[in-house]
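Protein chains in written order, with the working numbering: chain A, 17 to 580; chain B, 590 to 1440.
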């Protein structure tokens, strides 16, 4: 558990009068950086995007068993009555009992009716208390980052299975009065959606990100709200795993809003009560993509055609989470879908003009990004060694411009491109940077309060150095004991295709196959081991695949050095 | 000194050497007693029996003394006293001790000098001699006893102090008090010093209990015993409360028998017996009985108080618990024989302490109550159905065939002598069988007891587990109630009761006697401040129309007293509600003079709802409140989550809100509040604004609300002033409304009022996109109307055709068949009308497709 302490001097909200409105985000007073002031040009798109972000933050799609207490009490009462009636021998007694029960029922109905105002008031009060307390203790405030070209919000859903990133380009603002780059938390409450509903194009809308937020109290100063939220480690890990997934090679295609409307509409109209509940994308080169709802086998033919090299069928789960995109559809231009593979995360990048809304869904709802499922997508990404000094150099090089491509950073730091990518991978996995899938750049983003030092950098590299993960450690053992052999290594347009032979730590020889990007990230992998047969890549690659990649990376590094 | 029965007298020279004087209830004269004098050679051959009387209980003792005097004149002397006096000179300390106690119990004043000698001799039996002097109430002024009371050894000190207490030696006890007080641990001593020890108040007991918690666990036992040794009402009540804490659960019960606690608990128990404090006695005895069922003792190395040696001993062993149970019964038996008037008090305390949870599992001849030793002894003491297994002290069923006898309790005669005990037992009993025993007696042989029982005991019957008992109590209370001259104390007791049953009766009586109490401001004040919050609130509602009949002076005095009451801490939640009902109702005018701004604000900030309501009402009555507070403060109050705070501010908003016409920002903020009352107040004020005052922007701001109630109010306002509204501007704005509720209204307005031309049509595009792309709760009818409208507009001119085609094309690939067909048809018709207009992605149609 990580305890997030947040102190807000104001509240996030929208203050609207007849002619103007002000969107104010209260930032965590305990983080001294970052502010932004501007005037919004297109508030209606911003309204829908913020509304969607709010829905993500408050959503929880986990299975919640129905409360059957009342029903069970009723059944028990029926049983009791039945058993009581068995004991009654005379007809007269039975009639008397029926009469009394009827009278009792009438009295209870009367009682319920009389007490209804009380029960209603009590329910309202409990709702009020619950909502208030829920916000203070459980609602994970989004993280906001101000950059020179855009500001972006990142948030996880309550069930930690959905990650949302709302990027707001500075083009959205007619004027930007001032900003300071930085990352912080913003106050978010369950009632915010009503505030956002008041944004309109015909009112001049100012947009502020500042510690005081919307101060509606009389004092105008002092702490309005203090939050102390126990962030599960999975939440923090989730942020890191999302970055790993973003940098993977993904199958992408672009949809029209009506396509997503059709998918979401089907979900609203059909509540699936039995398995399988997958949404199956059928991708045939040159043909329109089909999205098939299981178990109905209802196919929706999408407007996009698949341009990939070969046919693919990718099943995704937790499809109800697509409902979160519902309110964006009237204002969306297009939606780019990125699929990581069977049972793997899926990303929906909604283009709203100057706004981009990214919805990243984990493999399935109960499998959060890091925790319960034990997903290790970071293992799929780059794993070249880097020294703490190199990590710190790249961090500093990224911090100054706030965002940059890997090639530009490599030039700036004087490290090789491969080494820079590896270092960026470490930074992403430690919460110091993030990968912007929409723009294809790395961005500086300090998820944590403390400054990044050499000590932190060495912690990052030592953690990332296989010791933290048993599979990665096993792969290192295999690699260093020379138990991995590359049988074939063929360069392809997307990177390399490899096949090898690996003697595992359990003494069994297996045959892993690998398709890696030029950057070293795994696109596809397979192995003849039992672990892969059971889980495929849903929980990350097996030790044999990782060992084969290590062999490939060593060879790649040798080639890099030769070229340099 | 009172004689105790049966009294045995002995004359060695007479033929009938033994004479036994005993007491029996008179069957002919209920409530009166007979003296039976039986004589014979031995106990087994008492042949000559003579019945004397009947006597009233008061006349019994003089008559008995007269008979004894006659017998003494004939050469008889008290037999046991005679032998006990002889035993006092025995060489064996045990025999001397038993003899001393026997003499003490028998009230044999003749033994006092010899007992004093025993004490002064200071041999092993000294504590028994001191205890005997205590029983004889003859320890007062005895230097030897005082010396014993100052001893370090607990057993000797205890005997001395308790003997002095029973003998009412106030001066000596006062002299000993500083030493006792010194032994108390610091937190307890401080807490005690801050309380009035003569009053056993709940707050005082609570304070002492809290202080006891602050004492280190190892010293708590000694602290408990020392506290009890003080013997003041507060210390005694606190000791009892602390002992009762152990009843809570198994864990707390186990601490009761823990090594550094049990020794002192046992000391408290012995003191309780010496003082005839049956409540404490019963509590310790029953706790011991319960603990013995689940705990077999703990080994610990403890230092002996007698020789100072540390030894490993078993604390609370099976033997100890058995001894306690046995001794408890022997004590009660002795009380029955020698202090008969006190026996039923002890029996009631013990029987009332038994709980339904004390039942065990039945096994063979052992019933569920088999292990409840004193229960059997007291309630089934003369029953033939059970027999005691001495080794384990359990009662097993003797014979299944044996019927239930009419009277099975021990010492039935003593119960008959004190029939009010049944009422007390019925009110306190927690076990149904115990309650039924008392109820049976009250319905039969002691039927009159209820009529003469004190009010408090009758009221307590309402707590009984038996519905019949509650009925009896209600019946009796109703019988006693005289509406012309009611007993207000009883009424208050009922009105304070935790049970609805009692409070409802109190309310009935209050309604019946309203004409009496409503004339008396003091009585109204008493009721409002002392009764249960629910009753107090009802009373206030009853009193509201009647208070006006009071004189102005009485009203002012009542209002003043009630304001003082609500300013004090509430204590129990809702206690201020009744007072606040009156103060905010008929007495509200008096608030202006009684409560100034500062007081009103301080009342508002109190956690009591009643006090806040009074503060709110007072604030609303203050002259120039708006000038004093200003709109900013009023706005802050109106946002508060407490209803009372808001009501003060909202009252001002309602009455003076029109002043905000120039800058209505506060009203627009309140109209979006989460609180219904705040929204209602703001809407109330805004609905009073004319269109000119509200302005077009103001009206749109209301229509823009995400709240349905505000939207409806704004729509009504729009309807009323539609002629003055710039319709096109309004439609362009409302088209952006994201709320589903507004879409139907806006579409209807668009259909009726949207001016021709693509410029206007473009402005309402967001509405059509929202209608066509709503996947969650789309309206088929609205979509149909929207498509038709776009189709019609698209057929009018090329620019509108372009707008319509773009919207229709974006949605045409919908999976909803009916919509798709309509969209295709509309697109075909628009394309047919203006074939030169093309939109990327639009489907193309062959000629005549639309038909």
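The C-beta atom is built at its ideal place from N, Cα and C for all residues, glycine as well.
Query raised in the report: For the region 735–797 of chain B, which segments carrying the beta strand (DSSP E) assignment without a break, of at least 3 residues, lie completely within its bounds, in sequence order?
Result: none
Query - residue 839(B) burial status per 10 Å Cβ neighbour count (16 or more: buried) - result: Within the second chain, the letter at position 250 stands for residue 839(B). It is exposed - the Cβ of residue 839(B) has fewer than 16 other Cβ atoms within 10 Å.
Query raised in the report: Can you check whether the CB of residue 340(A) is closer than 7 Å to the CB of residue 366(A)?
Result: Here residue 366(A) refers to the residue found at position 350 of the first chain. Here residue 340(A) refers to the residue found at position 324 of the first chain. Not in contact: residue 366(A) and residue 340(A) (Cβ atoms no closer than 7 Å).
Query raised in the report: residue 1378(B) CB to nearest chain A CB: under 7 Å?
Result: On the second chain, position 789 is the one that residue 1378(B) refers to. For residue 1378(B), the answer is no, since every Cβ of chain A falls outside 7 Å of its Cβ.
Query raised in the report: Tell me the DSSP bridge mates of residue 374(A)?
Result: Within the first chain, residue 374(A) is the residue found at index 358, counting from 1. Residue 374(A) pairs with 181(A), 365(A).
Query raised in the report: Can you list the alpha helix (DSSP H) stretches of 4 or more residues lying completely in the region 1356–1405 of chain B, in chain order?
Result: 1369–1383, 1387–1400
Query raised in the report: Using 7 Å as the limit for Cβ to Cβ distance, is residue 951(B) near chain A?
Result: As a working note, residue 951(B) is residue 362 in the second chain. By this cut-off, residue 951(B) is not an interface position.
Query raised in the report: Going by the beta-carbon positions, is the gap between residue 818(B) and residue 769(B) smaller than 7 Å?
Result: Position 229 of the second chain, counted from the start, is the residue given in the question as residue 818(B). Position 180 of the second chain, counted from the start, is the residue given in the question as residue 769(B). Contact flag set, yes.
Requested in this report: For residue 1231(B), name the three-state secondary structure that DSSP assigns.
Outcome: Indexing the second chain from 1 puts residue 1231(B) at position 642. In this structure, residue 1231(B) counts as coil in the three-state DSSP scheme.
Requested in this report: Anything in the region 1394–1416 of chain B with a Cβ closer than 8 Å to a Cβ of chain A? List those residues in chain order, please.
Outcome: 1399, 1400, 1401, 1402, 1403, 1404, 1405
Requested in this report: Compare the C-beta of residue 342(A) with all C-beta atoms of chain B and state if any pair is closer than 7 Å.
Outcome: In the first chain, residue 342(A) corresponds to position 326, counting from 1. Yes - at least one Cβ of chain B is within 7 Å of the one on residue 342(A).
Query - Backbone CA spacing between residue 495(A) and residue 570(A) [nearest angstrom] - result: Position 479 of the first chain, counting from 1, holds the residue named residue 495(A). Position 554 of the first chain, counting from 1, holds the residue named residue 570(A). The straight-line gap from Cα to Cα measures roughly 10 Å.
Query raised in the report: Could one say the Cβ of residue 1293(B) lies closer than 7 Å to chain C's Cβ atoms, at least one of them?
Result: Looking at the structure shown, chain C is missing, and the protein chains on hand are A and B.
Requested in this report: Starting from the beta carbon of residue 1359(B), find every residue of chain A whose beta carbon is closer than 8 Å, and list them in chain order.
Outcome: On the second chain, residue 1359(B) is found 770 positions in, with the first residue counted as 1. Within chain A, the residues near residue 1359(B) are 346.
Query - CB-CB length for residue 526(A) against residue 544(A), believed under 8 Å - result: By one-based count along the first chain, residue 526(A) stands at place 510. By one-based count along the first chain, residue 544(A) stands at place 528. Sure, about 5 Å apart at Cβ, within 8 Å.
Report task. Count the other CB atoms, across all protein chains shown, that sit within 10 Å of the CB of residue 135(A); report buried if there are 16 or more and exposed otherwise. Result -> Locating residue 135(A) in the first chain gives position 119, counting from the first residue. Classification of residue 135(A): exposed, given that the 10 Å Cβ count is below 16.
Query raised in the report: Is DSSP giving residue 231(A) helix, strand or coil here?
Result: Start at 1 with the first residue of the first chain, and residue 231(A) comes out as number 215. The predicted position of residue 231(A) is uncertain, since its pLDDT is 49 and thus under 50; a value taken from the coordinates is nonetheless stated next. It is coil, neither helix nor strand.
Query - Per-residue DSSP class, three states only, for residue 625(B) - result: Reading the second chain from its first residue, position 36 is the one you call residue 625(B). Three-state result, residue 625(B): strand.
Query raised in the report: What residue from 615(B), 1424(B), 1234(B) has the CA that sits closest to residue 1006(B)'s CA?
Result: The residue you call residue 1006(B) lines up with position 417 of the second chain. Checked all of 615(B), 1424(B), 1234(B); the closest Cα to residue 1006(B) is 615(B).
Query raised in the report: Can you tell me the Cα-Cα spacing of residue 269(A) and residue 325(A), whole angstroms?
Result: Here residue 269(A) refers to the residue found at position 253 of the first chain. Here residue 325(A) refers to the residue found at position 309 of the first chain. So the alpha carbons of these two residues sit roughly 13 Å apart.
Requested in this report: Determine the DSSP secondary structure at residue 681(B), reduced to helix, strand or coil.
Outcome: Within the second chain, residue 681(B) is the residue found at index 92, counting from 1. Correct three-state label for residue 681(B): coil.
Query raised in the report: Where does residue 804(B) sit, in a helix, a strand or coil, going by DSSP?
Result: As a working note, residue 804(B) is residue 215 in the second chain. Reduced to three states, the DSSP call for residue 804(B) is coil.
Query raised in the report: Is residue 451(A) buried or exposed, if buried means 16 or more other CB atoms sit within 10 Å of its CB?
Result: Indexing the first chain from 1 puts residue 451(A) at position 435. Its Cβ being crowded by 16 or more others within 10 Å, residue 451(A) is buried.
Query raised in the report: Using a Cβ-Cβ distance under 7 Å, would residue 216(A) count as near chain B?
Result: Here the question's residue 216(A) lines up with position 200 in the first chain. Interface residue, yes.
**Report entry** Top-ranked residue by Cα proximity to residue 613(B), from 1390(B), 646(B), 1319(B)
**Finding:** Here residue 613(B) is taken as the residue at index 24 of the second chain, counted from 1. It is 646(B) whose Cα lies nearest to the Cα of residue 613(B).
Query raised in the report: Out of 1172(B), 702(B), 1139(B), which has the shortest C-alpha to C-alpha gap to residue 1130(B)?
Result: Looking up residue 1130(B) in the second chain gives position 541. Answer by Cα proximity: 1172(B).
Requested in this report: Could you tell me the distance, in whole angstroms, from the CA atom of residue 1144(B) to the CA atom of residue 836(B)?
Outcome: Here residue 1144(B) refers to the residue found at position 555 when the second chain is read from its first residue. Here residue 836(B) refers to the residue found at position 247 when the second chain is read from its first residue. Between the alpha carbons of residue 1144(B) and residue 836(B) lies a distance of about 49 Å.
Query raised in the report: Do residue 299(A) and residue 284(A) have their C-beta atoms closer together than 7 Å?
Result: Here residue 299(A) is taken as the residue at index 283 of the first chain, counted from 1. Here residue 284(A) is taken as the residue at index 268 of the first chain, counted from 1. No.
Query raised in the report: How would you list, in chain order, the residues of chain B whose beta-carbon sits under 7 Å from the beta-carbon of residue 297(A)?
Result: On the first chain, residue 297(A) is found 281 positions in, with the first residue counted as 1. The premise fails here: residue 297(A) is roughly 16 Å from chain B at the closest Cβ pair, so nothing lies under 7 Å.
Query raised in the report: How would you write the range of the beta strand (DSSP E) that residue 44(A) sits in, first residue to last?
Result: Working through the first chain from its first residue, we reach residue 44(A) at position 28. Looking at the DSSP string, residue 44(A) is not in any beta strand (DSSP E), and its letter there is neither H nor E.
Requested in this report: Output yes or no for whether 7 Å exceeds the beta carbon distance between residue 587(B) and residue 914(B).
Outcome: Here chain B covers residues 590 to 1440 and nothing more, so residue 587(B) does not appear.
Query - Cβ-Cβ distance between residue 721(B) and residue 743(B) below 7 Å - result: Counted from its first residue, the second chain places residue 721(B) at position 132. Counted from its first residue, the second chain places residue 743(B) at position 154. No; because the gap between Cβ atoms is not below 7 Å, this pair is not in contact.
Query raised in the report: Going by other Cβ atoms of all chains shown within 10 Å of its Cβ, with 16 needed for buried, is residue 634(B) buried or exposed?
Result: In the second chain, the residue the question calls residue 634(B) occupies position 45. Exposed: under 16 other Cβ atoms inside 10 Å.
Requested in this report: Go to residue 904(B), then tell me how far its beta strand (DSSP E) extends in each direction, as first and last residue.
Outcome: The residue given as residue 904(B) occupies position 315 in the second chain. Counting along the chain, the beta strand (DSSP E) containing residue 904(B) begins and ends at 899–904.
Query raised in the report: Does the beta-carbon distance from residue 1163(B) to residue 1120(B) come in below 7 Å?
Result: Reading the second chain from its first residue, position 574 is the one you call residue 1163(B). Reading the second chain from its first residue, position 531 is the one you call residue 1120(B). In this structure, residue 1120(B) does not lie closer than 7 Å to residue 1163(B) by Cβ.
Query - residue 622(B) and residue 644(B) closer than 7 Å at C-beta - result: As a first step, residue 622(B) is located in the second chain; it is residue number 33 there, counting from the start. As a first step, residue 644(B) is located in the second chain; it is residue number 55 there, counting from the start. Cβ atoms of residue 622(B) and residue 644(B): closer than 7 Å.
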